[in-house]
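Residues 549 to 1054 (the working numbering) make up the sequence shown, in order. Data first, discussion second: the structure below is written as structure tokens.
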Amino acid sequence: MGRMNPKLYQFLVALFASFGSFLYGYDLGIIASVVASDSFIEKFVNGRSHVAGTVVALFTAGAFFGAYGAGFTDPLGRRTTLALGSVLFIIGGVLQTAAVNHGMLYFSRIFSGFGIGILVEVVPMFQAEIAHARIRGVLGSLQQTMLGIGALSASWIGYGCEHRWSDTGNSVQWRLPLGLQIVPAIGLASCIFFFPESPRWLIDHDRHEEGLKNLATLHANGNVADPYVLAEFELIKQQVEEEHRHGAKSYKELFANRANTRRIIIACACQASSQMTGVSAIQYFSPAIFAQIGISTSQTLLYQGINSIIGEVAQFIFFFLIDRVGRRPLQIGGNIACGVAFTVGAALMSIYPPESTNTSAHWAFIVCSTWVFNFCFCASGTMSWIIPAEIFNTATRAKGISLATMVSFAFNTMIAEVTPIALEKIGWRYYLLFIVCDFTNALFFYLFLPETKGISLEVMDDLFTNSPLLVPGSRWVASPEVDIEMIKERKDILAQAAVVEEVEGR
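This is the structure in structure tokens:
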């Protein structure tokens, strides 16, 4: 690593790990173009309207069980778990690309989903565990950023393949975009072991010397005598000893005390609320939504590509705000803004239904319900990954994030199955569900989500144990025995005293 800035090094490690999120984003983006392509419809659909929903839902169902299984991978370590998820995704990707019948296609979707479930559980956990408290939000936002870049790549690849092989009947139109996702998965699986293991995981598994070394590598250019590193090492050991006495050995034990239950509710609410903004309905079924107002599949994929660019611009903006304005304002404000965007879109569709000839109104619907909505979603969507990853302690983090991720995929699966039917049966009225959820999400987080910006992972226990349940108007101050800055200050004093003793020959 040489003399690279420690925070830059942490960023690069977290960035590489987040290719697991890129894979998820790519699949989210590419499946919309795949199920809408002429050659795919000819081979697999043939009048069976349920196929598109099933293809999407089986992936998220597989991810649900993958996230559950990820809760038991703690003995493997974070890097090995990342490699495992990547290998499973590669196998599923190969089978998807080569699919010749419904059974093979459905099985491969479940298999790929299982790998993704593991990846999206372990990526934010790994990022949170290697990050300095002051940049943890930035590193955590890489999950959503890379997810967005994956979706952006998929949107334009899907558009290009649709445009190039449209009306040819050539299956390369959908096989090529599915096959390309294998490449970054191979890179992640083969290179992750060149990066350091989580120091918190090492210390938790009694590998203290390696843990201290990795902590120093990540935070102090390898200087194991750095006061911050020693203070953090001491605090992690102290917390791990406490967690070994009271740690969660099963999912049931996550609800063993008030602090853990509070964290589980908030983590699951973050993931459920993210899905109930309506984002998955737009991502998966925009071709079907836009077809109702007379827009072709090729045009829809073009607009989806533009939407992905807008999302990345928004993500870049929020990237710099997360550790400045905090989690609460972005989570609350993002949900409110999504609700407003959907309200305008639903109003336009109710006044100017699909059969209307008012193209300006239909354009306004596209802008509000996709482009403006996606920009706003990037504020709260990022929080759905950051907050669950940072609020748990080491003993409960794997199972806590696993449970929250399972909730995300459960809601995702439900939306994938319900949306095609709802769009056909009730049209624009389906958006009313998401409008209500957006505003109730904002109210919930206003009342119950404490601010976690800049707080060390080892101080989270104190926050969720001692801070008031109802957040507005309340105040919390960290206990002295868990305040990392006070511990660091004591280490500085001890180090200075040691230098004085050495100089004076004592």
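Cβ coordinates follow ideal geometry from the N, Cα and C atoms, glycine included. Here the structure is a predicted model, which is why all the values come from computation and not from measurement.
Assigned exposure category for residue i - 16 Cβ within 10 Å defines buried
i: Arg945; result: buried
i: Ser928; result: buried
i: Asn989; result: buried
i: Cys739; result: exposed
i: Phe592; result: buried
i: His792; result: exposed
i: Met954; result: buried
i: Phe620; result: exposed
i: Trp722; result: buried
i: Val583; result: buried
i: Phe570; result: buried
i: Ile812; result: buried
i: Leu750; result: buried
i: Phe742; result: exposed
i: Ser904; result: exposed
Pair within 8 Å by beta-carbon distance, residue i and residue j
i: Leu687; j: Leu630; result: no
i: Asn960; j: Gln863; result: no
i: Ile664; j: Tyr572; result: yes
i: Arg872; j: Ser746; result: no
i: Ala611; j: Gly661; result: yes
i: Glu669; j: Ala615; result: yes
i: Ile705; j: Pro732; result: no
i: Ile934; j: Gly727; result: no
i: Phe674; j: Ala565; result: yes
i: Asp754; j: Gly887; result: no
i: Arg748; j: Ile784; result: yes
i: Ala881; j: Gly696; result: Before going on, a small fix: residue 881 reads as Gly here, not Ala. Against a cut-off of 8 Å, the Cβ pair of Gly696 and Gly881 comes out as no contact.
i: Gly641; j: Gln729; result: yes
i: Val671; j: Gly770; result: no
i: Gly717; j: Ser587; result: yes
i: Arg810; j: Phe1012; result: yes
i: Tyr979; j: Phe867; result: no
i: Ser634; j: Gln644; result: no
i: Met897; j: Trp1024; result: no
Rounded straight-line distance, which links the Cα of residue j to that of residue i
i: Ser917; j: Gly893; result: 5 Å
i: Thr930; j: Gln879; result: 8 Å
i: Ser932; j: Phe923; result: 15 Å
i: Pro901; j: Cys926; result: 28 Å
i: Leu736; j: Phe637; result: 11 Å
i: Pro835; j: Leu606; result: 19 Å
i: Trp911; j: Gly577; result: 22 Å
i: Leu1042; j: Ser1022; result: Legend: pLDDT at Leu1042 = 45, less than 50; position of this residue unreliable, value from coordinates given subsequently. Distance between the alpha carbons of Leu1042 and Ser1022 is about 36 Å.
i: Thr602; j: Phe838; result: 20 Å
i: Gly759; j: Gln786; result: 14 Å
i: Gly698; j: Thr1000; result: 28 Å
i: Gly826; j: Ile969; result: 15 Å
i: Ile914; j: Leu981; result: 18 Å
i: Leu951; j: Ser1004; result: 22 Å
i: Asp752; j: Glu1006; result: 13 Å
i: Pro998; j: Val1019; result: 6 Å
i: Glu710; j: Phe993; result: 41 Å
i: Gln1044; j: Ser828; result: Because the pLDDT of Gln1044 is 48, which lies under 50, any placement of that residue in the model is unreliable, and the number read from its coordinates should be weighed accordingly. Rounded to the nearest angstrom, the two C-alpha atoms are 56 Å apart.
i: Glu1052; j: Phe940; result: With a pLDDT of 40 at Glu1052, under the threshold of 50, the modelled position of this residue cannot be trusted, and the question is left open.
i: Met552; j: Pro775; result: 19 Å
i: Ser908; j: Lys800; result: 54 Å
i: Ile683; j: Ala895; result: 40 Å
i: Met962; j: Ala779; result: 46 Å
i: Thr848; j: Leu653; result: 24 Å
i: Ile899; j: Asn649; result: 43 Å
Best match in the options for proximity to residue i [C-alpha to C-alpha]
i: Leu690; options: Leu726, Trp722, Asp586 and Gln558; result: Gln558
i: Gln948; options: Gly859, Gly617 and Met552; result: Strictly speaking, residue 948 in this sequence is Gly, with Gln absent from that position. The shortest Cα separation from Gly948 among Gly859, Gly617 and Met552 belongs to Gly617.
i: Val561; options: His767, Phe655, Glu790 and Tyr654; result: His767
i: Asp715; options: Leu971, Ser908 and Ser844; result: Ser844
i: Ala943; options: Val788, Phe613 and Ala817; result: Val788
i: Ala679; options: Ile983, Val777, Ile974 and Tyr979; result: Val777
i: Phe921; options: Thr1013, Ser908, Ile870 and Gln852; result: Gln852
i: Gln819; options: Tyr832, Ala895, His756 and Ser956; result: Ser956
i: Gly1002; options: Glu938, Leu991, Leu1017 and Met962; result: Glu938
i: Ala609; options: Leu1017, Tyr978, Ala964 and Gln692; result: Ala964
i: Val984; options: Glu972, Gly874 and Ile884; result: Ile884
i: Val720; options: Ala647, Ile734, Leu991 and Thr967; result: Ala647
i: Ile830; options: Phe803, Ile865 and Val604; result: Val604
i: Asn808; options: Ser585, Ala580, Ile579 and Met1008; result: Met1008
i: Phe833; options: Leu563, Ala681 and Val966; result: Val966
i: Lys973; options: Ser846, Asp1010, Ile870 and Gln840; result: Gln840
Any chain C beta carbon closer than 8 Å to residue i
i: Ala647; result: Structure shown: chain C not included; a single protein chain is present.
Q | Complete alpha helix (DSSP H) runs within the segment 601-662 (minimum length 4 residues, chain order) | A | The segment 601-662 contains these whole alpha helix (DSSP H) runs: 626-645.
Note to self: Report the start-end ranges of each alpha helix (DSSP H) in the segment 719-798 that is 4 residues or longer and not cut off at the edges.
What the structure shows: Entirely contained in the segment 719-798, the alpha helix (DSSP H) runs reaching 4 residues are, in chain order, 720-728, 730-739, 747-752, 756-767 and 775-794.
- Counting only runs that start and end within the segment 961-993, where is the alpha helix (DSSP H) found for 4 or more residues in a row? Runs found: none.
To test your reading of the DSSP string, which unbroken beta strand (DSSP E) runs of 3 or more residues are found completely within the segment 888-927? Listed in chain order, there is nothing to give.
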